[in-house]
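Working notes, beginning with the structure itself.
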Amino acid sequence: MSAAAEIFVSALIVIGAVFTLVGSWGLVKLDAPMSRLHAPTKAGTLGVGSVLMASMCYAFIWRDGSAHELLITAFLFVTAPVSAMLIAKVAIFRRTNVQELPPPPTDTTWATHDTGERAIKSSSASENRGGNTATPG
Amino acid sequence: MELLVASSVGVLTAAGIYLVLRLRTFPVIVGTALLSYAVNVFLFASGRLAVNQPPVLRDGVTAYTDPLPQALVLTAIVISFGMTAVVVIVALGAYLSSQDDHIDDGPGRDDVGEEAQP
Amino acid sequence: MSHWIIAPVILPAMMAAFIVLVVRFHPLLQRVFSLAGTLAILAVAAGLYWQTSDGTILLYQLGDWAAPFGIVLVADRLSALFVLLTAVLAVPVLLYAMGSGWDMRGRHFHALFQFQLMGILGAFLTGDAFNLFVFFEVLLIASYGLMIHSGGARRFRVGVQYVVYNLLGSTLFLFALGTIYAETGTLNMADLAQRVAALPVDDTAGVRVAAVMLLMVFAVKAAILPLHFWLPAAYAAAPAPVAALFAVMTKVGAYAIIRFFTLIFPPDLAITQGLFDSWLLPAALVTLTLGMLGILGARRLDALVAFAVVGSMGMLMTSISVFTPAGIAAALYYAVHSTLATAALFLLVGVVEDRRAGNALGYDPAPPLPGAALVAGFFFAAAIAMAGLPPLSGFVGKLLILDATMADPRMAWVWAVVLSTSLIAVIGFSRAGSAIFWKAHAPDTAAVATMAEDAPPTPALPMVAIGGLIAMLALVTVFAGPLQRNFAATAAQLFAPGPYISVVLDTPGRTITHDADSEEEAH
Amino acid sequence: MITYALYFAFTAVGLSLLLAMWRLLIGPDVGDRVLALDTLAINAVALIVLYGIYAQTQTYFEAALLIAMLGFVSTVAYARFVLRRDVIE
Amino acid sequence: MSLFLIVALPFLGALLPGLMIRAGRNACGGTTFFVTLTAFAGLMTHVPAVMAGEVLTARLDWVPALGLNANFFLDGLGLFFASLILGIGLLIIAYARFYLSREDDMGEFYTYLLLFQGAMVGIVLCDNILMLLVFWELTSLSSFLLIGYWKHLPEGRQGARMALIVTGMGGLAMIGGMLILGDIAGSYDLSVILEHRDRIQASPYYLPALLLILLGAFTKSAQFPFHFWLPHAMAAPTPVSAYLHSATMVKAGLFLMARLWPVLSGTEAWFIIVTGIGLVTMVIGAVVALFKNDLKALLAFSTVSHLGLITMLLGTGTAFGAMAAVFHILNHACFKAALFMTAGIIDHEAGTRDITRLGGLRRLMPVTFVIAALASLSMAGIPLLNGFLSKEMMLEEAAHTVLFNSALLVPVLATVGALFSAAYSFRYIAHVFFGSQQDNANGQPHDPGFGMWAPPAVLVVLVVAIGVAPFLAEPLVRTVTAAVLGDAAAMPDAHLKIWHGLTPALTMSAIAVTGGMLLLIAFAPLARAWAVAGPPAAKAIFDAIIGAIIALSRTITERLHDGAMTRYAAIFSVTVVAVAGHAWITGNAPAPAREMLPVEPLPLAGWLLLVVATLVLVWQHRNRFLALVLMGVVGLMISVGFAYLSAPDLALTQLSVEVVTVILLLLALNFLPRETPMESAGGRRLRDGIIAAAVGLGAGALVYTILLGDFAAQTISAYHLENAYKGGGGTNVVNVILVDFRGYDTFGEIIVLGIAALVIYATTEALLSGPVRARLLNRPLENVAGDAHPMMMVVVTRLMMPLVLMVGVYIFLRGHNEPGGGFIAGLVVAIAVVMQYMASGYAWASGRQRVPYHGIIGTGVLVAGLTGIGAWFFGAPFLTSAFGYFRIPPFEKFELATAMGFDLGVFLCVVGAVMLSLDSFAQMARRSGIAASEYDIDIDPSRDHALDTDKAEG
Amino acid sequence: MPRKLIWRLFPHPLLTLLLTLVWCLLVNGFSSGTVAFGLILGTVIPILTAAYWPRRPVIRKPLRVLEYILIVLWDIIVANVQVAIIVVFKRNADMASNWVAIPLELRTPEAIAILAGTITLTPGTVSADLSDEGHALLVHALDAPDPDAVRDAIKSRYERRLKEIFE
Ligand code: NA
Ligand code: NA
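Residue numbers (my numbering), protein chains in the order written: chain A, 1 to 137; chain B, 1 to 118; chain C, 1 to 523; chain U, 1 to 89; chain V, 1 to 954; chain Y, 1 to 167.
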């Protein structure tokens with residue numbers, strides 16, 4: 001039991017470490033901005049996920065158990081796509097022409113490049129709908 | 001380890017001071033933020049360093065890290081946060097009302113914005 | 001258990017919170033509560049002063065923890081004096097703010113005012129070095145808000161400098177406290193006194209650095225050269241009542257120097273010998289000179305008064321830096337006097353600014369001030385006091401300081417600087433006063449007619465407030481004898497810190513009862 | 001065995017930190033820097049969790065959780081700033 | 001009448017004119033007159049006693065520790081001067097009633113006059129030299145007000161300032177002198193000091209004291225080279241000139257020299273200085289007076305000359321000289337005050353004081369002519385008038401005075417002085433009352449009413465009476481002289497009489513009068529020569545000096561305080577390093593006592609990251625966004641470092657604070673330039689780099705030595721570790737310290753935070769109510785990416801916000817026992833809300849938020865405070881904590897501690913503060929003409945789908 | 001109406017359960033007290049935050065959710081290895097990065113977000129942007145010589161399932 005468990009936990013740790021490293025390596029190695037986005041958002045996530053699993057298993061095997069690592073894992077999995085999407089939007093916004101992108105099958109353009117009237121109108125605060133503390137006495 | 005901490009304090013302090021001596025409000029604010037990092041680490045170090053001895057009481061543990069400097073640093077962090085927030089808004093006010101973010105105030109930098117722009 | 005000693009801290013804090021929470025939309029109620037709170041503080045301060053006036057040292061153990069493990073408040077003669085001074089100052093300043101309408105020219109004046117009082121009073125009362133830092137920060141951050149109250153480009157520009165400079169000061173304070181703790185393992189001031197005295201002679205470098213760093217922190221507050229640069233522009237740009245309240249803020253620095261360098265690092269302590277004897281007095285004299293030169297060199301009345309603050313702090317520090325009972329006693333008298341005098345001057349600046357046409361605070365001719373006679377009279381009185389001319393308290397203070405420095409080997413320097421700078425101040429004040437109050441345009445009738453129509457009725461409350469301050473100056477003058485006796489006793493108490501230390505450290509705190517909590521083990 | 005795995009992991013994660021830092025420094029665009037910072041934060045989470053295993057303590061769980069959470073928030077803030085200039089418009 | 005009352009009466013009376021002026025000018029003047037009369041009468045009641053040789057005293061302690069007491073005494077000298085002051089005061093008050101015009105504020109005038117009068121009486125009756133200084137400076141101040149009384153006259157303002165500066169300077173010097181004198185004598189009471197002649201003259205501090213006191217006396221009495229203020233004081237209304245600048249104030253210096261004569265005179269220094277200065281002053285004053293065309297200027301310089309004369313007499317140190325001085329003080333007061341009043345009458349009636357424009361007034365103003373002529377002739381030293389008598393005594397004394405080993409120097413100069421004195425006196429008569437009738441400005445001048453000529457007439461009666469019957473004045477003069485001499489010298493065997501025989505003095509006198517007449521005859525060519533070759537105007541020199549001092553002050557002040565914050569900060573840094581470095585070097589540093597922790601590779605990597613990030617941040621700081629990103633790295637590394645060094649609470653706090661800080665900075669950067677331009681030159685950057693390196697090195701070295709050394713004694717935190725659980729009910733000692741042992745710190749800390757938010761809010765409001773508002777609303781749109789509120793972000797936030805709030809609650813509840821607590825929880829909750837803001841926009845999110853942030857802050861402070869106050873009801877001090885363990889199924893046993901209430905206050909404060917700050921930034925970011933989004937997601941196909949469906953159905 | 005009341009009290013029954021679970025994970029225990037307290041919080045917090053989650057979607061086939069999660073997890077693990085190999089061994093020049101536009105049939109924001117998240121988490125692809133009306137998703141593929149294949153894979157493997165679950 002103990003040896004197998006040790007191997008299992010060690011493997012998880014090593015896998016996690018490797019994926020973490022690969023994620024960061026990709027970040028440095030890949031030369032296209034959009035490509036760089038791939039490495040850390042996935043490899044990194046899985047890397048940390050493995051480490052967290054290792055921590056959990058370690059706790060269940062040698063201590064009184066712990067599952068809260070799941071929380072961090074879930075957290076990372078939920079947030080990583082959003083981070084990636086925003087960073088991708090940054091890349092599109094700052095680096096990419098509309099022409100380089102495939103046209104959207106049905107609509108006019110991609111949202112990041114949609115700096116027309118609609119984008120402005122629907123996005124900024126108005127005069128009279130400020131915060132709840134707008135004008136005290 | 002001690003050397004690492006000491007040199008970090010030194011580098012952060014030097015960086016903070018250098019930025020505080022810049023001519024625009026923004027780097028100065030960043031400088032004060034670095035200084036507060038530095039001083040927080042300094043204050044923390046006044047209780048000496050310990051690894052893997054958290055200040056949380058556990059059965060059978062006798063060696064704890066010094067909790068008092070930590071409490072002091074916590075207070076200091078919060079206070080610096082408040083101060084930073086205030087200096088940010090004051091600097092912003094200065095910039096917005098005179099269209100100039102120089103921190104030095106000299107002849108010719110008087111109330112430019114308010115008079116110039118009705 | 002008497003809770004009065006903490007009232008000067010809790011009362012304004014709760015009052016400010018209450019104002020923010022409940023009456024932030026009601027100007028009148030804000031004023032009522034703010035004034036009521038301030039008057040209550042005054043009453044409590046008077047009570048504390050009376051209680052400590054027989055040499056009693058009051059101790060308050062926060063959280064019932066004994067010193068040095070918890071924080072304590074200590075009211076001795078010195079603390080009570082400054083608490084009372086602050087409260088005495090706060091009332092007319094607040095009245096002025098209300099009467100002149102300053103309090104409503106921006107948001108949250110009253111809350112910030114109360115918080116400012118809390119910070120200042122807390123700093124005077126605390127017996128703990130780190131807690132002093134906390135209250136320094138409270139008073140500072142409130143002062144930032146008050147300084148830029150109602151905004152304006154000038155105030156913001158100067159405000160940034162004011163804030164940044166004091167951030168540097170606060171950072172230095174933390175460095176000093178870290179060093180102090182690292183060297184002694186304690187933060188309570190009485191405990192520090194004992195532990196510093198017991199430090200081995202072969203390990204003095206750290207505590208010496210801590211001592212001078214603290215001195216510099218307090219010197220920033222007290223605006224001692226070359227750490228005074230934050231003050232002139234900030235005080236000149238601050239709204240009149242705020243600048244007047246700030247008159248006592250510099251005294252926090254002076255107070256802290258007196259406290260730390262009589263209690264923890266007394267002048268005869270071996271391990272801190274030679275730290276600042278050589279330069280503190282010269283620095284104070286240069287500060288005095290520079291302040292007075294500023295009075296003469298200023299181009300505007302607000303700058304003039306701001307430099308008067310610098311000068312008065314130089315004078316104060318001159319007396320403190322000889323570190324003798326007579327010097328401290330003289331300094332205390334001068335502190336009281338200069339606080340009231342500079343406050344009165346700042347309020348007068350406000351009146352002039354509000355009433356005088358044109359470049360109101362410049363020395364160019366302008367149409368005569370409405371109600372000039374009274375304003376000029378008050379200015380004359382306050383300027384006399386500030387310049388140290390008879391018959392007001394400045395003269396008595398100056399004599400006390402000259403007398404106190406008579407035994408010092410550097411007496412000739414002190415006297416030469418004190419007396420010659422007085423002359424410079426006289427020249428400066430007379431120039432400014434005659435330019436502002438005498439050198440008016442021949443009033444052209446049309447302008448007077450329109451002014452008479454346009455001018456809002458000049459409110460009486462500001463003049464009442466200023467008159468109150470002047471009257472207090474007169475009282476301080478008339479009762480100089482009893483006051484001096486009291487301050488001499490205060491100085492004597494400071495130079496014999498045994499009772500202070502034993503009251504703080506020998507009073508038992510709470511007894512830990514949960515030790516026997518049989519139901520519960522730690523884990 | 002776990003100890004060796006941990007040493008390996010520490011080395012790898014330490015290296016990852018340095019790599020991410022390198023990307024942060026060389027950029028070239030702000031997007032790369034934000035991405036690098038995000039990666040740094042995630043690597044820091046891994047590091048703290050590894051340290052928790054190493055030190056056999058749960059004390060650092062909150063730190064890891066908070067770094068994960070706040071790393072996300074600051075990435076969003078930085079990106080929003082680049083995209084919209086106003087972070088909370 | 002009590003001496004106190006005599007001194008106090010004028011001061012108390014000064015309150016009346018301002019009130020009485022409402023009842024009319026007569027009431028005002030009458031009241032003032034009555035006040036002075038009362039004091040005068042009170043003084044007179046003491047005459048018999050004083051003449052009998054008694055000394056009356058009155059004592060009142062003021063600042064006994066200092067020796068500053070309100071002690072008064074009345075002897076012959078005091079009585080003499082007090083009588084002069086009050087007696088002439090009566091005449092001046094009467095005269096001024098008619099002199100002042102309707103435009104003048106009479107109440108103000110009499111107020112100042114009475115203040116002055118009180119101060120003068122105080123000087124002469126004072127028995128305490130410190131108290132004397134008080135009155136001394138009061139005369140300077142009140143004379144400042146009187147000279148500047150006509151505020152519209154620039155000469156008045158300048159003259160007032162000049163008088164104040166010069167006499168004020170003397171007064172300040174005298175403070176030093178008096179303190180030294182009192183220190184030597186062991187008392188500040190004159191009556192004591194006067195008994196210590198030998199001790200004082202033997203003291204090494206005698207000379208400094210003498211010089212400082214004489215500086216005071218000379219400036220007040222307009223002795224060369226400080227004489228120049230007096231003529232400029234003539235801008236004052238004439239009653240002031242007559243009173244202050246001839247009869248009383250200028251005599252204060254003489255009074256002081258006379259008063260201190262017993263202890264200060266008789267030394268070589270005294271003799272040379274006082275006699276020499278007096279002599280020079282006498283001659284210069286007389287010469288200049290002759291060529292002045294302004295009547296009052298002529299009289300002013302003549303006064304200077306006569307004051308020099310008296311000074312010279314006091315300087316000789318002989319009893320006879322003292323007697324002559326006393327007598328001349330009396331005589332001069334009579335004729336000079338009369339002359340000033342006549343000058344005022346002429347000015348009043350003829351509309352000018354310019355002698356060249358006056359002439360032939362003898363016919364038009366006969367009464368004035370008689371008065372002026374008699375007074376002038378007395379001044380010239382014509383027999384049968386009082387001036388003659390004392391001038392003879394002066395010449396007699398001069399004839400016997402050997403200065404600088406020359407027996408001729410003093411007599412010759414005295415004669416020259418007397419000669420010019422005669423010349424200008426004659427000129428006053430000849431060029432004003434005789435000769436052709438000039439334009440005389442007002443056309444037909446005539447004698448004034450009785451009220452105006454009676455006061456000088458009274459004085460002239462005295463002039464003649466004493467001149468004819470000097471024995472009348474002799475008892476007074478002898479009594480006064482005796483008081484001056486004290487025990488220092490015997491009363492001289494001399495008498496006041498007209499004929500002393502053919503003495504050298506008579507010869508000198510004759511030469512003077514004859515020479516004076518000749519000078520007047522040759523006046524026209526002399527005046528032309530004077531105009532060409534005369535000495536420069538002292539005013540120009542004085543103005544130049546004052547101007548230079550002001551310019552220097554201004555230069556120093558403005559150079560130093562030029563608003564260069566960067567230099568202020570550099571000076572701060574250098575000072576700190578220098579002073580702390582000095583303290584370090586002069587102390588003893590101990591040898592390292594602790595073993596160092598090993599350096600593991602991982603911390604090394606972290607350290608590398610931190611250092612590199614910091615250095616690159618400095619290097620690249622001009623790219624502000626990059627700077628913030630790097631700040632994020634620094635903050636992250638420090639947090640991880642705290643975690644590594646066993647400080648989980650710190651790690652959590654640092655981390656959350658850092659994120660909120662960065663968000664605040666990003667919000668601010670939205671309005672600021674994105675780049676910092678390269679402005680400072682290489683040298684400047686090098687300088688800053690050196691300063692920064694020095695400070696950094698200092699800080700690093702300090703912490704390194706600290707880390708290598710041990711605590712000298714056990715730290716107080718041992719107690720905290722010991723008692724955190726037993727006494728504070730928590731196992732997280734840091735948290736127990738924060739909310740219990742040092743809860744008071746935390747109370748202050750949350751207030752700092754609350755204030756910060758209020759300040760931010762107030763600042764925003766101030767900005768938005770000023771001109772900035774329009775600029776902000778209409779600032780140009782920038783090129784921003786589309787899709788402000790991306791769907792993914794919004795959807796994830798919908799899920800994350802409850803989760804993060806949950807984490808916040810968790811961190812809050814466990815803080816007491818595990819890392820966490822109200823502060824971090826507050827930040828976490830705030831960040832949850834920030835996330836919502838970032839996802840859906842401020843307008844949409846805050847529209848769903850009903851709790852006012854001000855309220856949250858206020859509640860937080862109140863909750864924390866009231867939790868602390870709650871202890872009062874159990875008789876315990878503020879913030880005394882209590883805790884207990886409870887068991888309510890289905891929950892496990894749990895702990896409730898009052899500290900949690902306190903922590904709740906902290907939590908609320910933090911949330912409120914952060915939110916209010918963000919709210920403020922959002923207020924600023926509004927733009928005009930752009931409406932807020934109604935939706936939380938910009939692009940939402942389900943919404944469009946629903947709309948399409950609605951349209952299709954509708 | 002009691003049903004309305006229950007809806008008020010438990011605006012998000014699933015969220016309540018999730019939060020309770022999260023609480024237990026945070027506390028690291030599943031005792032009755034923990035669960036009870038978690039339930040309380042899980043009830044209160046959604047009420048407080050209900051305003052921020054308008055138009056809640058209805059999950060029509062809860063069981064398919066599990067299936068979906070398992071598929072995604074498996075895809076993540078398998079494809080991560082592939083990406084790691086690509087990153088480590090493939091030269092930059094040999095990579096065929098491509099943009100892929102994916103027309104969306106999904107209309108529910110939650111569903112689209114899950115799809116986009118899935119795309120990002122599964123290796124080789126990152127969701128980068130939405131079209132201006134929300135009817136297409138822009139995806140970047142790290143190494144996809146054939147973009148259309150990627151598009152079809154995504155639509156069939158993930159979007160189809162999400163459509164079943166949500167719409
Ligand atoms: Na700071
Ligand atoms: Na002002």
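Yeah, the Cβ is synthetic: ideal placement off N, Cα and C, and Gly gets one too. This one's a predicted model, so the numbers in the text were calculated from it and none came from an experiment.
Of the candidates C/Pro68, C/Ile57, C/Val74 and C/Phe18, the residue whose Cα lies closest to the Cα of C/Ile6 is C/Val74. Rounded to the nearest angstrom, the gap between the Cα atoms of Y/Ile47 and V/Val807 is 16 Å.
At least 8 Å separates the CB of A/Trp62 from every CB of chain Y. For U/Phe81, at least one C-beta of chain V is nearer than 8 Å to its own C-beta. The Cβ-Cβ distance between V/Glu892 and Y/Gly38 does not fall below 8 Å. If only complete runs of 4 or more residues are kept, the region 228-263 of chain C shows the alpha helix (DSSP H) at 231-237, 240-246 and 249-259, in order along the chain. Looking at the DSSP output, V/Cys126 bridges to V/Phe72.
For C/Gln493, the enclosing alpha helix (DSSP H) starts and ends at Ala480 to Phe495.
C/Leu345 and C/Lys439 have their alpha carbons spaced roughly 19 Å apart.
The beta-carbon of A/Thr112 is placed less than 8 Å from the nearest beta-carbon of chain V. Taking C-beta atoms as the reference points, V/Thr368 and V/Ile345 count as a pair closer than 8 Å.
Collapsing the DSSP output to three states places Y/Trp99 in a strand. Residues of the region 32-56 of chain B with a C-beta less than 7 Å from any C-beta of chain C: Thr32, Leu35, Ser36, Val39, Phe42, Leu43 and Ser46, listed in chain order.
Between U/Leu6 and U/Leu50 a beta carbon distance of about 6 Å is seen, short of the 8 Å cut, so the two are scored as contacting.
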